[in-house]
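Just so you know, the sequences run in chain order E and X. Going letter by letter, the first sequence gives residues 0 to 517 in numbering that gives the first Met the number 0. Going letter by letter, the second sequence gives residues 0 to 334 in numbering that gives the first Met the number 0. Ideal Cβ placement from N, Cα and C applies to all residues, glycine included. Take a look at the structure set out below.
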Amino acid sequence: MSTGNIEEAPRSAATSSGGDLVATGVSKRYGGVPALSDVSLTITPGTVHALVGENGAGKSTLGKIISGVISPDEGTMTLGGEHLSFKSPREALAHGIVTIAQELAIVPGLSVAENVYLGVEASTVGFVRRRESRRRFRELAEAVGFDLSPDRRAGSLSIADQQKVEIMRALSRNTSIVVMDEPTAALSGNETAALHDIIRSLARDGKSVVLISHFLSEVLALADVITTLRDGHLIRTVDAKDANEESLIEGMLGRSLLTAFPEKATADEERAIVLEVEHLKAPGVNDCSFVLHESEILGIAGLVGAGRSELARAIFRDSKVSGGTVRLKGTDLAGHSPSRSIRRGLVFIPESRKEMGLLVGRSVKENISLSRLDLVSRFGWIAGIRERRKVTELMNAVTVKAASIRTPVSMLSGGNQQKLMFARSVMCSPSVLIADEPTRGVDVGSKRAIYDILTEMAASGMGVVVISSDLEEVLGLAHRVLVMRHGRIITELSGERMNEQAVLAAAFTESSSEGTDS
Amino acid sequence: MNVQVETPEALDVDSEGGLRSGVIRLLGSWRLAGIAIPFLILFIVLSVWSGPFLSTTNLINILDQQCAFLAIAAAGTLVLVAGGLDLSVGAIYGLTAVVSGELAEHHSPFIAIGVALLVGLGVGLVNGMIVAFLKINPLIATLAMSFVIGGVALRVSNNNLIVLSQNSGFYKFANVQFWSIPSAVWIVFVFVVILALLLARTTFGRYVIASGGNAEAARLAGVRVNQIRIITYALSGLAAGLGGVIDTSRLLSAQATGGGPTLTFTVLAGIVVGGTSIAGGEGSVPRTTIGVLFIALIGNGFNLLNINTLYQQIVLGLILLAAVSIDVWARKRRR
Chain E
0 MSTGNIEEAP RSAATSSGGD LVATGVSKRY GGVPALSDVS LTITPGTVHA
50 LVGENGAGKS TLGKIISGVI SPDEGTMTLG GEHLSFKSPR EALAHGIVTI
100 AQELAIVPGL SVAENVYLGV EASTVGFVRR RESRRRFREL AEAVGFDLSP
150 DRRAGSLSIA DQQKVEIMRA LSRNTSIVVM DEPTAALSGN ETAALHDIIR
200 SLARDGKSVV LISHFLSEVL ALADVITTLR DGHLIRTVDA KDANEESLIE
250 GMLGRSLLTA FPEKATADEE RAIVLEVEHL KAPGVNDCSF VLHESEILGI
300 AGLVGAGRSE LARAIFRDSK VSGGTVRLKG TDLAGHSPSR SIRRGLVFIP
350 ESRKEMGLLV GRSVKENISL SRLDLVSRFG WIAGIRERRK VTELMNAVTV
400 KAASIRTPVS MLSGGNQQKL MFARSVMCSP SVLIADEPTR GVDVGSKRAI
450 YDILTEMAAS GMGVVVISSD LEEVLGLAHR VLVMRHGRII TELSGERMNE
500 QAVLAAAFTE SSSEGTDS
Chain X
0 MNVQVETPEA LDVDSEGGLR SGVIRLLGSW RLAGIAIPFL ILFIVLSVWS
50 GPFLSTTNLI NILDQQCAFL AIAAAGTLVL VAGGLDLSVG AIYGLTAVVS
100 GELAEHHSPF IAIGVALLVG LGVGLVNGMI VAFLKINPLI ATLAMSFVIG
150 GVALRVSNNN LIVLSQNSGF YKFANVQFWS IPSAVWIVFV FVVILALLLA
200 RTTFGRYVIA SGGNAEAARL AGVRVNQIRI ITYALSGLAA GLGGVIDTSR
250 LLSAQATGGG PTLTFTVLAG IVVGGTSIAG GEGSVPRTTI GVLFIALIGN
300 GFNLLNINTL YQQIVLGLIL LAAVSIDVWA RKRRR
């Protein structure tokens, strides 16, 4: 049933179909912000090709373009000489390109075999021929050496086994290129080793594996070719033989300064402590302790999934905390309810403003005043004039640009939406603000404005925690930086030791969990 | 470098934004027009076509008959805006009708009315707590509750039709006339106005809208979403109780199966025809009122013009479809 098996150019030594996948001058921008600029690379059959880079460097974007999930704005892709332009993952699939994404795409209610053959079931007039499917499944499982029962419910499998299901699905469709985005992020040690074997055997069978990974040791152990990306640009593509951790980290660093930061107020250790976190345990957070002083900006760095947002939500009492204490200006924040945290002076700006922050269909005014309606109302009755005055004042203070205070938030740019979140926080006049990814998806101009707001808030005596995947941002704003990995705070950096190398070394290097290295 | 914000722009400058927000304001009023204009057209058409329609007696009669629907729909709007759904109002109406009927036979009218209203409020509270704490889908939760409540109502009335005498004080509750308008209409008028103001002008109303618009965002902004939703269900139960009591007093009879699914779905239709989104986060009590009356006018008109009632149902169904399509379209425009 597959279309597009390429017959003309089987130049390579590989046995399976395909040929070189060549991307030339590929660019992609999201709402004016370039995610990928002029990237060219060649993926040869029978190799593991790794993409490395910081968060937001463009690895996943490139992976998605290769697998047809998104289409590039500029540039071309060819496979074995044939021009490709995918409009959907299904088309990419027809060309033998399969993605195994960070979020698995299995149907939990179906059996393993049904998942593997989802969409291509052997059937007679609509009835699935179960025996036929099962036989094909056995053959496939034997070929790849997986020990999976075809009748198990896929939802009851471990994540690693679910990944095997996805891999089998990929193999059942004449795949020539497998794109894996952070495949081992959710796996245990044994499972990781098993997956590594699978990746090697895929390459041995002449298939290409595009491996996107944060783990440099994994990349160095598996990859034949490594491409380093930084800020959407391809820095270099090298043979894995010629690379080591230092050279890769160095390639990921050293970008030009795009945004200037406001001057840091001098950190003063003598200032009073406003927030004290002790041995905090919550889902994704493992025994975290730190303190935050008045007028201090504390950065939290780490890779995506390191537990930074989880820590923020645990402090904010939004997730079930299983142990430890959080003290805000000396009072214990027991129990859990965000509304109580806000009333006590702790405000949280979540990472995705559209899903977790804003009522997009409602007006600027309603969105800003939501947390502190009590300030503009009497006995529950909203005083219209007072609310309008307060909101206008806040909008001017944080420079939100909107046609009027009645404009729906959906009409604002990302930068203005984010500033609106700050306006809401300022209205709460908190003693501690936690901002999760405060400048994600925000244009450069608004970024600078948000940095100024953060700095001003700190200058006014607030304690500010900035969680960011943008290292430059963390280092440019914060007086101290905590680096997290696997739900733990691995190291605290300040002064001289607060630099990109140190942060990246702590965030990436797996063995440095005990005893911080400077 | 010095700390300076480089965008000190005033507010009302973005001309494109101005245009777009104008469009949005139009959309808001457009939702009102979407129900008000058809209502007026229907009203005029009926006035022209049918002589008896425009008589004071007929119009007051319509209002009197719609009292229960109007009260329940007003509270139901709040439930829907907060992101919920209450399918048990018909059953609560039936239960409170028989409770007040049974009590009115032997006790003072105050006890009959008070207990029935408390029963409505209490059942609504239970609904709200089931939805909020057990995290059961509101459709299923209130559907299941409607069976339970219906059963209890049958038990209370022994499945009998309760008939009251006209000279009981209970009768006066809904039938005393002020300026030739019965007290039932006045009571419901006050109730609906209070709910309308509650939704549009108070902090509670804002929290209701926020809870339905984006529950996660509302929670993180400090809104106690569960508490807000429970209150809306309680109000819905109270409104159903009020409707049950008013109708028992008005008609001097009560039956456990008096409300049932017909009442539930007619009320829901009125809310949706009034342009309140079934997805939550948006809605207006005045529009709901027009929506309920619109449906009532259709019924009244069909009767006066002697058209077979089966067409009434078909027309109602088509209008409902149109109303929901318009809502879907309006939502797309906003995104």
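By the neighbour-count definition (other C-beta atoms within 10 Å, threshold 16), E/Tyr29 is an exposed residue. Burial check for E/Gly80: the Cβ neighbour count within 10 Å stays below 16, so the residue is exposed. Secondary structure at E/Lys27: strand, using DSSP grouped into helix, strand and coil.
Fully enclosed alpha helix (DSSP H) runs of no fewer than 4 residues occupy 259-272 of the region 237-291 of chain X, in order along the chain.
Legend: CB atoms of the region 186-205 of chain X lying less than 7 angstroms from CB atoms of chain E belong to residues Arg200, Thr201, Thr202, Phe203 and Arg205.
Cβ-Cβ separation between E/Glu386 and E/Ser403: approximately 14 angstroms, too far for a contact (criterion under 8 angstroms). Among the CB atoms of chain X, one or more fall inside 7 angstroms of the CB of E/Pro349. E/Ala281: member of the beta strand (DSSP E) spanning Ile272 to Ala281, first to last residue. In terms of beta-carbon proximity, X/Glu215 lines the interface with chain E, with at least one pair separated by less than 7 angstroms.
Non-local beta-carbon contacts of X/Ile229 in its own chain, meaning distances under 7 angstroms to residues more than five positions away in sequence, involve Leu124, Gly127, Met128 and Ala131 in chain order. In this structure, X/Ile71 keeps its C-beta atom at 7 angstroms or more from the C-beta atom of X/Val98.
Listed in chain order, the non-local C-beta contacts of E/Arg423 below 6 angstroms within the same chain comprise Ile367 and Ser370, local neighbours out to five positions each way being set aside. Taken through DSSP and simplified to helix, strand or coil, E/Phe289 comes out as strand. With a beta-carbon spacing of about 23 angstroms, X/Thr288 and X/Gly93 fall beyond the 8 angstroms limit used to define contacts. In this structure E/Ser376 is buried. Its beta-carbon is surrounded by 16 or more other beta-carbon atoms within 10 angstroms. Remark: C-beta atoms of X/Gly240 and X/Leu116 approach each other more closely than 7 angstroms. Taking all protein chains shown into account, E/Val359 has 16 or more neighbouring C-beta atoms within 10 Å of its C-beta and is therefore buried. With fewer than 16 neighbouring CB atoms inside 10 Å of its own CB, E/Ser216 falls in the exposed class.
Taking a Cβ-Cβ threshold of 8 angstroms, none of the residues of chain E is close to X/Val266; the smallest such distance is about 25 angstroms.
At a cut-off of 7 angstroms between beta-carbon atoms, E/Ser430 makes no contact with chain X.
Going by DSSP, E/Arg339 is part of the alpha helix (DSSP H) stretching over Pro337 to Arg343. Counted as a single uninterrupted DSSP element, the stretch harbouring E/His82 is not any alpha helix (DSSP H) but the beta strand (DSSP E) occupying residues Glu81 to Leu83. With three or more CB-CB distances shorter than 8 angstroms, the region 151-169 of chain E counts as touching the region 103-117 of chain E. Taking 4 residues as the shortest admissible run, the region 104-168 of chain X contains the following complete alpha helix (DSSP H) segments, listed from N- to C-terminal end: 108-132 and 137-156. In its chain, beyond the 5 residues on either side, Gly89 have a beta carbon closer than 8 angstroms to the beta carbon of X/Thr261.
Using a Cβ-Cβ cut-off of 7 angstroms, X/Arg218 counts as an interface residue toward chain E, since at least one Cβ of chain E sits closer than that to its own. Contact of E/Gly379 with chain X is assigned, a C-beta pair being separated by under 7 angstroms.
Excluding five sequence positions before and after X/Ile294, the CB atoms of its chain that fall closer than 7 angstroms to its own CB belong to Thr265, Ala268, Gly269, Val272 and Leu315, given in chain order. E/Glu499 has its alpha-carbon roughly 21 angstroms from the corresponding atom of E/Val218. Secondary-structure assignment with DSSP links E/Phe347 through a beta bridge to E/Ile433. By the neighbour-count criterion, in which 16 or more other beta carbons inside 10 Å mark a residue as buried, X/Phe109 falls on the exposed side. Distance from the CA atom of X/Ser235 to the CA atom of X/Tyr170, rounded to whole angstroms, is 24 angstroms. Taking C-beta atoms under 8 angstroms as the contact rule, E/Leu310 and E/Met461 fail to qualify, at a distance of about 19 angstroms. Counting every other CB atom within 10 Å of its CB across the protein chains shown gives X/Val327 a total below 16, marking it as exposed.
E/Val178 is positioned such that its CB atom lies closer than 7 angstroms to that of E/Thr98.
The residue among E/Asn415, E/Val284 and E/Ser288 with its C-alpha nearest the C-alpha of E/Arg307 is E/Val284.
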